[in-house]
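K.L.:
One structure, as structure tokens, below. Some questions next.
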Amino acid sequence: MTVPTPTPRRSARPAPGAVLRAGADAELEHAIAGLGRRGARVHEGVHLARKSLRRTRAVLALGRPALGAGADWIDSGIRAVNRALSPLRDAQALVEALDRLIDTETDDDALRRLRRARRHALAARTQHAQRAQRDALLADARATLVALRAALAALPWSAVTAAGVERALRRSAAHVDAAAARVRERGRATDWHRWRRRARRLSQQQTALGGLGRTSEADRRRLKKLATLLGEAQDYAMLHRRLRGGTSLADADRDALRALGAERLRRLRRRIGRIATRPR
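Residue numbers (our numbering): 2 to 281.
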């Protein structure tokens, strides 16, 4: 007698709420650990913490409105912590923008100006870090995040459905398209910033969902590249603003570097435009 071969059972897909809860909890854990770094590693720690906090907020947005008012309260607390850390992150972003310019510049005179500007930016970054530690900013931020992480576990994650997550993804995608259209219509600095934030959030949401999402791998890679370039452009825009005045650089250095940064920003935005209009 032939014994029938049993049909292998397909493993059940994990509940979307469980996936989102695990992702948000892990990101908050990473943020708390990042803010515990000290000394030369404090800037990297703040950078990693802020990334994790943005990812946590992106995950929470996927669970709305099923997660209720508690998710809104946690989101507001995370946003407040992120804003408090902004001066530290901006100081680091300025150094990074100068580093990118130095890595790709070939003109000797421009390189000398960039290196002088970088020394000034490093000194300012050190002052921000010292002030943050003196004022217990990082310790307070960590304590807040520990409390928010505990509250995260109490949210009604089981109420999150696959259909609700898909609707949230569509909302995020519509926000990205609307922000891109606003840039094409007006192209103000605030428009570019909004486009960057919305593209980054959608990219983070797609990554958090992994196999649960319906987005193709090619589309995920394209969006991630777009979000990364928009972030670099934002750093160049910040460099341009910082060099308007209020720095200890000589006027000649400041004017030359503003022109250099503005040209790099124009090139990068043209590249972003080509990627954004490429057929999917």
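Each residue gets a CB set at the ideal place from its N, CA and C atoms; glycine is no exception.
Residues in its own chain within less than 7 Å of residue 146 by CB, not counting five upstream and five downstream?
P.N.:
The residue given as residue 146 occupies position 145 in the sequence shown. Hits under 7 Å: 29, 32, 33 and 82.
K.L.:
Is any non-hydrogen atom of the ligand SAH found closer than 7 Å to the C-beta of residue 252, if you look at the structure I gave you?
P.N.:
Among the components modelled here there is no ligand, and therefore nothing to report on the ligand SAH.
K.L.:
Compare the C-alpha of residue 46 against each of 188, 223 and 90 and name the closest.
P.N.:
If you number the sequence shown from 1, residue 46 lands on position 45. The shortest Cα separation from residue 46 among 188, 223 and 90 belongs to 90.
K.L.:
Under three-state DSSP, which class holds residue 266?
P.N.:
Position 265 of the sequence shown, counted from the start, is the residue given in the question as residue 266. Helix at residue 266.
K.L.:
For my contact list, residue 80 and residue 72 are in at a C-beta cut-off of 8 Å; report their separation, rounded to the angstrom.
P.N.:
Taking the sequence shown and counting its residues from 1, one reaches residue 80 at position 79. Taking the sequence shown and counting its residues from 1, one reaches residue 72 at position 71. At roughly 12 Å, the Cβ-Cβ gap does not stay under 8 Å, so residue 80 and residue 72 are not in contact.
K.L.:
Considering only residues of the same chain and omitting the five flanking positions on each side of residue 52, which have a CB-CB separation below 8 Å?
P.N.:
Numbered from 1 along the sequence shown, position 51 holds the residue referred to as residue 52. Nothing meets the Cβ criterion.
K.L.:
Straight-line CA distance for residue 143 to residue 230?
P.N.:
Here residue 143 is taken as the residue at index 142 of the sequence shown, counted from 1. Here residue 230 is taken as the residue at index 229 of the sequence shown, counted from 1. Each residue's Cα considered, the two are about 30 Å apart.
K.L.:
How is residue 216 classed by DSSP in three states: helix, strand or coil?
P.N.:
Reading the sequence shown from its first residue, position 215 is the one you call residue 216. Residue 216 falls in the coil class under three-state DSSP.
K.L.:
Looking at C-alpha atoms only, which residue of 39, 36 and 62 is the closest neighbour of residue 22?
P.N.:
Within the sequence shown, numbered from 1, the residue matching residue 22 stands at position 21. Residue 62 is the option with its Cα nearest to residue 22.
K.L.:
Go through the segment 135 to 172 residue by residue and report every complete run of the alpha helix (DSSP H) that reaches 4 residues or more, in order.
P.N.:
Counting only runs of 4 or more, we get 138 to 154.
K.L.:
Between residue 194 and residue 251, what straight-line distance do the alpha-carbon atoms span, to the nearest angstrom?
P.N.:
The sequence position of residue 194 within the sequence shown is 193, counting from 1. The sequence position of residue 251 within the sequence shown is 250, counting from 1. So the alpha carbons of these two residues sit roughly 29 Å apart.
K.L.:
What is the DSSP secondary structure of residue 106, reduced to helix, strand or coil?
P.N.:
Start at 1 with the first residue of the sequence shown, and residue 106 comes out as number 105. Note: residue 106 maps to coil in three-state DSSP.
K.L.:
Between residue 160 and the rest of its own chain, which residues show a CB-CB distance below 6 Å, the 5 nearest in sequence each way excluded?
P.N.:
As a position in the sequence shown, residue 160 is number 159, starting the count at 1. The answer, listed in chain order, is 67.
K.L.:
Less than 8 Å between C-beta atoms, sequence neighbours within five positions excluded: which residues of the same chain meet that for residue 269?
P.N.:
Taking the sequence shown and counting its residues from 1, one reaches residue 269 at position 268. Taken in chain order, the residues that qualify are 230, 233, 234 and 237.
K.L.:
Could you tell me whether the segment 98 to 108 touches the segment 169 to 179, where touching means 3 or more Cβ pairs closer than 8 Å?
P.N.:
Because the criterion of three Cβ pairs below 8 Å is not met, the segment 98 to 108 and the segment 169 to 179 do not touch.
K.L.:
Closest to residue 197 by C-alpha separation, out of 273, 70 and 245, would be which residue?
P.N.:
One-based indexing of the sequence shown puts residue 197 at position 196. Looking at the Cα atoms, 273 is the closest of the given residues.
K.L.:
Assuming the contact rule is C-beta atoms closer than 8 Å, residue 1 and residue 49 should be a hit. Round their C-beta distance to whole Å, please.
P.N.:
Limits of the chain in this structure are 2 at one end and 281 at the other, which puts residue 1 out of reach.
K.L.:
Note down the Cα distance separating residue 261 from residue 226, rounded to an integer number of angstroms.
P.N.:
Locating residue 261 in the sequence shown gives position 260, where the first residue counts as 1. Locating residue 226 in the sequence shown gives position 225, where the first residue counts as 1. So the two alpha carbons sit approximately 24 Å from each other.
K.L.:
I need the boundaries of the alpha helix (DSSP H) containing residue 201, first residue and last residue.
P.N.:
On the sequence shown, position 200 is the one that residue 201 refers to. Where residue 201 is concerned, the enclosing alpha helix (DSSP H) stretches over 190 to 210.
K.L.:
What does the alpha-carbon distance come out to for the pair residue 240 and residue 263?
P.N.:
Residue mapping note: residue 240 aligns to position 239 of the sequence shown, counting from 1. Residue mapping note: residue 263 aligns to position 262 of the sequence shown, counting from 1. Each residue's Cα considered, the two are about 9 Å apart.
K.L.:
Just how far apart, CA to CA, sit residue 206 and residue 126?
P.N.:
As a position in the sequence shown, residue 206 is number 205, starting the count at 1. As a position in the sequence shown, residue 126 is number 125, starting the count at 1. Approximately 31 Å, taken between the alpha carbons.
K.L.:
Just to confirm my understanding: we take residue 4, look at its own chain, exclude 5 residues before and 5 after, and list those with CB closer than 7 Å. What are they?
P.N.:
The residue you call residue 4 lines up with position 3 of the sequence shown. Any reading at residue 4 must be qualified, since the residue scores a pLDDT of 47, below 50, and its modelled position is unreliable; no value is offered.
K.L.:
Looking at the unbroken alpha helix (DSSP H) that takes in residue 18, where does it start and where does it end?
P.N.:
Here residue 18 refers to the residue found at position 17 when the sequence shown is read from its first residue. Note, residue 18: alpha helix (DSSP H), 17 to 35.
K.L.:
Would you kindly work out how many angstroms separate the C-alpha atoms of residue 42 and residue 167, rounded to a whole number?
P.N.:
Sequence index remark: in the sequence shown, residue 42 carries index 41 (1-based). Sequence index remark: in the sequence shown, residue 167 carries index 166 (1-based). Cα to Cα, residue 42 sits roughly 38 Å from residue 167.
K.L.:
Measuring alpha carbon to alpha carbon, tell me which residue in 131, 133 and 276 is nearest residue 223.
P.N.:
Indexing the sequence shown from 1 puts residue 223 at position 222. Ranking the options by Cα distance to residue 223, first place goes to 276.
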